[in-house]
Amino acid sequence: MKTAFVTGASSGIGRATAVALAGAGFQLVISGRRRERLEALAAELAGVPVYILVFDVRDRAAVDAAVTDLPAEFQAIEVLINNAGGAHGLNPIQAGDPADWDQMLDSNVRGLLNVTHALLPGMTARQRGFILNVGSVAGHEAYANGNVYCASKAAVAMLTKTMRLDLLPLGIKVAEVNPGAVETEFSQVRFKGDAARAAKVYEGFEPLRAEDVAEIIVFMVTRPARVTIAEVLVLAGAQGAATTIVRK
Ligand code: 8X3
182 MKTAFVTGAS
192 SGIGRATAVA
202 LAGAGFQLVI
212 SGRRRERLEA
222 LAAELAGVPV
232 YILVFDVRDR
242 AAVDAAVTDL
252 PAEFQAIEVL
262 INNAGGAHGL
272 NPIQAGDPAD
282 WDQMLDSNVR
292 GLLNVTHALL
302 PGMTARQRGF
312 ILNVGSVAGH
322 EAYANGNVYC
332 ASKAAVAMLT
342 KTMRLDLLPL
352 GIKVAEVNPG
362 AVETEFSQVR
372 FKGDAARAAK
382 VYEGFEPLRA
392 EDVAEIIVFM
402 VTRPARVTIA
412 EVLVLAGAQG
422 AATTIVRK
């Protein structure tokens, strides 16, 4: 049974991807900050071997220790889904909070690097693996007030391209999925728990569901060796670009 490692698996796209990968025959390492959520997910995946790791991707020492301590039967990670991350605040740069900036750069960029760094020795030794980075439409186009979030996802986009070149000779594929408007906890986190403001983001159109993105991720990571789907942009049906949404 192949093993997939999903970061940020306690909610949203990460959780849905874990469920979809289990359905596709993978056993799972699921990581996140909220143990109860991960335990609930593991219970839902009964029948599939699941190992829970509780860490914050920003904490490099914790990431390294968790990966080092993986039981032997979960060590051969075939697929890494670098999903953990998010947005904090939506303000013009002059009104931005540097603490939000740190959090986005630390999770979305450094966190992705921390987990990748911890898993690469195994992948390079086995000369196989697939790293799927969850980017965003925001990494490929600018929108007002997106500043540091857009920049963090642009970093993910360029890391994906450059990692692909570095790792290709070692038998490791690297790809990126770039979601548009997906209704998850994303906007609640961005607006710091302001549920009304978060709901407004998805008002008047049908946003993507986390499951829609998960299905695409599973398709991407299960192609034959001769195929690399390097990048996918997935928008809501009513969405033409990041902030161009037809609301009815
Ligand atoms: C989430 C999509 O457009 O809200 O990454 O930035 S967007």
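Under the numbering used here, the residues of the sequence shown are numbered 182 to 429, in order. Glycine is no exception: its CB is placed at the ideal position from the N, C-alpha and C atoms.
- The residue from N326, I194, V337 with its alpha-carbon nearest to that of N295 is V337.
- Under DSSP, P360 forms a beta bridge with V415.
- Linking Y324 to G270 through their CA atoms gives a straight-line distance of about 13 Å.
- For the options L226, A185, R378, the alpha carbon positioned closest to that of F255 is the one of A185.
- For F400, the Cβ stays outside the 8 Å cut-off from all heavy atoms of ligand 1.
- If you check the CB distance, Q284 and A362 do not come in under 9 Å.
- Closest option to A257, judged by alpha-carbon separation, among A280, T249, A224: T249.
- With a cut-off of 8 Å on Cβ pairs, the stretch 193 to 208 is in contact with the stretch 216 to 234, counting three or more such pairs.
- DSSP places N314 in the uninterrupted beta strand (DSSP E) bounded by 310 to 315.
- With distances taken between CA atoms, R309 lies nearest to L351 out of A223, G204, H298, L351.
- In the structure shown, F255 falls within a helical segment according to DSSP collapsed to helix, strand and coil.
- Take G418, set aside five residues on each side of it, and the residues of its chain with a beta-carbon closer than 7 Å to its own are E387, in chain order.
- In terms of Cβ geometry, L226 and S212 do not form a close pair [threshold 9 Å].
- In the three-state reduction of the DSSP assignment, K381 falls in the helix class, which pools H, G and I.
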